[in-house]
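Visitor: Here's a structure for you.
Residue numbers (my numbering): 345 to 531.
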């Protein structure tokens with residue numbers, strides 16, 4: 345696993361697997377970063393509900409002990425987590441995603457988030473490189489993800505990293521289903 349990658353001249357992003365004691369820090373990071381990916385019409389109540397029910401400390405404790413999941417974190421060298429990814433190995437549980445993806449065995453890039461102050465520093469690219477490397481090491485031939493169709497920044501980022509649109513699916517935030525593109529790339 346890559347422990348340290350240069351991201352900008354004179355700067356470093358350290359990428360490593362999340363530790364078993366980092367559930368609370370990951371939940372805080374998720375609460376800070378999830379709203380950045382939501383479309384403008386998403387209500388504050390819906391975002392808060394999603395954070396409480398999906399991105400809670402208890403859920404991250406479960407994610408960290410699940411053998412079919414791998415969480416990687418980026419940190420700035422002071423211990424502050426600046427970003428994270430979560431891979432989910434195995435067949436998609438979403439029927440639309442399962443029908444859309446073409447490459448097997450597959451891994452879902454379920455989470456890929458970065459604090460806003462780390463945008464543009466190269467940390468996201470370093471985190472993505474380490475994540476894709478970890479997916480290959482675990483035997484995945486392809487990677488897929490769902491991204492909101494209105495999230496232009498994320499769509500550009502994933503496109504730069506070889507992901508292509510292969511389908512659509514829906515993603516529940518609060519009581520509203522959002523429209524997501526399903527993107528896939530070979531590893």
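From the three backbone atoms N, C-alpha and C, an ideal C-beta is built for every residue, glycine too. Treat the numbers as computed from the prediction; the structure is a model and nothing was measured.
With three or more beta-carbon pairs closer than 8 Å as the criterion, would you say the region 392 to 400 touches the region 370 to 383?
Guide: Short answer: they touch.
Visitor: At the level of alpha carbons, what is the spacing between residue 346 and residue 452?
Guide: With a pLDDT of 45 at residue 346, under the threshold of 50, the predicted position of this residue should be treated as unreliable, and no value is reported.
Visitor: In the structure shown, what three-state DSSP assignment does residue 393 receive?
Guide: If DSSP states are grouped into helix, strand and coil, residue 393 belongs with the helices.
Visitor: Apart from the five residues on each side of it in sequence, which residues of its chain come closer than 8 Å, Cβ to Cβ, to residue 526?
Guide: So the list reads 440, 441, 444, 445, 488, 489, 490, 509, 510, 511, 512, 513, once near-sequence residues are dropped.
Visitor: In this structure, what does DSSP give as the bridge partners for residue 489?
Guide: Beta-bridge pairing links residue 489 to 527.
Visitor: So, for residue 530: in the same chain, excluding its five sequence neighbours on each side, which residues have a beta-carbon less than 6 Å away from its beta-carbon?
Guide: Closer than 6 Å at Cβ, skipping near neighbours: 447, 486.
Visitor: Since residue 414 sits in a beta bridge, which residues does DSSP pair it with?
Guide: DSSP output for residue 414 lists 431 as bridge partner(s).
Visitor: Does any residue of chain C have a CB that is nearer than 8 Å to the CB of residue 505?
Guide: Any reference to chain C falls outside this structure, which holds one protein chain only.
Visitor: In three-state terms, what does DSSP make of residue 508?
Guide: Correct three-state label for residue 508: strand.
Visitor: Our contact map puts residue 475 next to residue 431 with C-beta atoms below 8 Å; I'd like the distance itself, whole angstroms only.
Guide: At roughly 7 Å, the Cβ-Cβ gap stays under 8 Å, so residue 475 and residue 431 are in contact.
Visitor: Rounded to the nearest angstrom, what separates residue 422 and residue 387 at their Cα positions?
Guide: Approximately 34 Å, taken between the alpha carbons.
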